[in-house]
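Asks: What follows is a structure written as structure tokens; I'll ask about it next.
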Amino acid sequence: QWAYLNGQFQPLHETKISVLDRGFLFGDGVYEVVPVYNQQVFEWPAHYARLERSLALTHIPNPLDQQAWLALLNELIQRHPWPHQFIYLQITRGVQTPRDHLPAAELIPTLLAYTNPLAPIDKRKVSQGIAAITHADLRWQHCDIKAITLLANVMAKQAAQAAEAQDALLVRPDGRVTEGSASNMFLIKDGTIHTPPLNEFILPGITRLVVEKLCRQHHIEFIERDIDQAELSTADELWLASSTKEIIPIVRLNHQPVGSGQAGRLWSQMFDLYQAYKNR
Ligand code: PLP
Numbered sequence: 007q008w009a010y011l012n013g014q015f016q017p018l019h020e021t022k023i024s025v026l027d028r029g030f031l032f033g034d035g036v037y038e039v040v041p042v043y044n045q046q047v048f049e050w051p052a053h054y055a056r057l058e059r060s061l062a063l064t065h066i067p068n069p070l071d072q073q074a075w076l077a078l079l080n081e082l083i084q085r086h087p088w089p090h091q092f093i094y095l096q097i098t099r100g101v102q103t104p105r106d107h108l109p110a111a112e113l114i115p116t117l118l119a120y121t122n123p124l125a126p127i128d129k130r131k132v133s134q135g136i137a138a139i140t141h142a143d144l145r146w147q148h149c150d151i152k153a154i155t156l157l158a159n160v161m162a163k164q165a166a167q168a169a170e171a172q173d174a175l176l177v178r179p180d181g182r183v184t185e186g187s188a189s190n191m192f193l194i195k196d197g198t199i200h201t202p203p204l205n206e207f208i209l210p211g212i213t214r215l216v217v218e219k220l221c222r223q224h225h226i227e228f229i230e231r232d233i234d235q236a237e238l239s240t241a242d243e244l245w246l247a248s249s250t251k252e253i254i255p256i257v258r259l260n261h262q263p264v265g266s267g268q269a270g271r272l273w274s275q276m277f278d279l280y281q282a283y284k285n286r
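First residue of the sequence shown? That's 7 in the UniProt record's numbering, and the numbers climb one at a time after it.
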């Protein structure tokens, strides 16, 4: 297994960075997770646009242009035998000493990329769904940046595990549901898909974007609006969506069944549309 670090491919398990890297010391960096199907990068323009935006908002210089990024990803993919993969890319602000919150001028960003095998998705298995809990959204007010600082997300996932659930729906103090711990959320009611609007409390998910596109193409009603925590118990279906998990039904929330307690009809339709889109 190979990693790319600052211009060089090297064995992943021998790849090391300095303890003075600001990513390590401050969590000062951004990342992307890009799925690969049949050795082809999925939705690269959208992932790249989000990466550029994360870099711009944090004022971290982009170390490569779009073509150089794609060439690097393609070489990384081809060095591995797996048809389906997910690539992790991380750019931190770079190595700095002495320690200072304020970034020094003209740091050289640290660029790390490596890839992992992605197991093929089995509809029967996914249709069993997951259990989730609601949990306070303890994150900051720039969740639209794909920042490497993920402590609040990790703690929400731990809380889910402690409650014998697999994930958490995050809720802001005003009752608004934002997203899952590492996914966007959808509420289905009377054949319509509802999802929170993009703002500073939500990561603009690429899977969410594809779901929206598929809804428009197939005349499924898709509404972006705030969702209050109290509505969750009235939902016909609840889904989470992310690049590595695709679209998964939540069948139990806070120990109560969601809708019929089984994966819903619209989930099944969207799952099939998503597979067809991936394989197009
Ligand atoms: N929201 C959060 C907090 C995430 O961490 C992720 C992905 O990891 C998503 C949403 C979904 O984004 P994408 O569909 O681009 O994977």
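Where a beta carbon is used, it is the ideal one built from N, C-alpha and C, also for glycine.
Please read these numbers as outputs of a predicted model, since none were measured by experiment.
Report the residue from D143, T213, R214, T198 whose alpha carbon sits nearest the alpha carbon of T184.
Replies: Measuring C-alpha to C-alpha distances from T184 to each of D143, T213, R214, T198 identifies D143 as the nearest.
Asks: Take the Cβ of A166 as the centre, count every other Cβ of all protein chains shown within 10 Å, and call the residue buried at 16 or more, exposed below.
Replies: buried
Asks: Throw me the rounded Cβ distance for the A138 and I256 pair, which I believe falls under 8 angstroms.
Replies: Yes, they are in contact, since the Cβ atoms of A138 and I256 sit about 5 angstroms apart, within 8 angstroms.
Asks: Buried or exposed for W146, going by 16 or more other Cβ atoms inside 10 Å?
Replies: exposed
Asks: Using three-state DSSP, classify H141 as helix, strand or coil.
Replies: strand
Asks: Any heavy atom of the ligand PLP within a distance shorter than 7 angstroms of the CB on G33?
Replies: no
Asks: Have a look at the DSSP bridge pairing and note the partners of N190.
Replies: A247
Asks: Is W8 near R105, with beta carbons less than 8 angstroms apart?
Replies: no
Asks: Assuming T116 contacts I93 (C-beta within less than 8 angstroms), just tell me the rounded distance between them.
Replies: Not a contact, Cβ separation roughly 17 angstroms.
Asks: Could you name the residues of the same chain whose beta carbon sits closer than 6 angstroms to that of G181, not counting the 5 residues immediately before and after it, in chain order?
Replies: Here G181 has D234, Q235 as same chain residues with Cβ atoms under 6 angstroms from its own Cβ, once five neighbours each way along the sequence are excluded.
Asks: Is it right to say R286 is buried, meaning 16 or more other beta carbons lie within 10 angstroms of its own, or is it exposed?
Replies: exposed
Asks: Do E237 and F228 have their C-beta atoms within less than 8 angstroms of each other?
Replies: no
Asks: What number of angstroms, rounded off, separates the C-alpha of K152 from the C-alpha of Q268?
Replies: 32 angstroms
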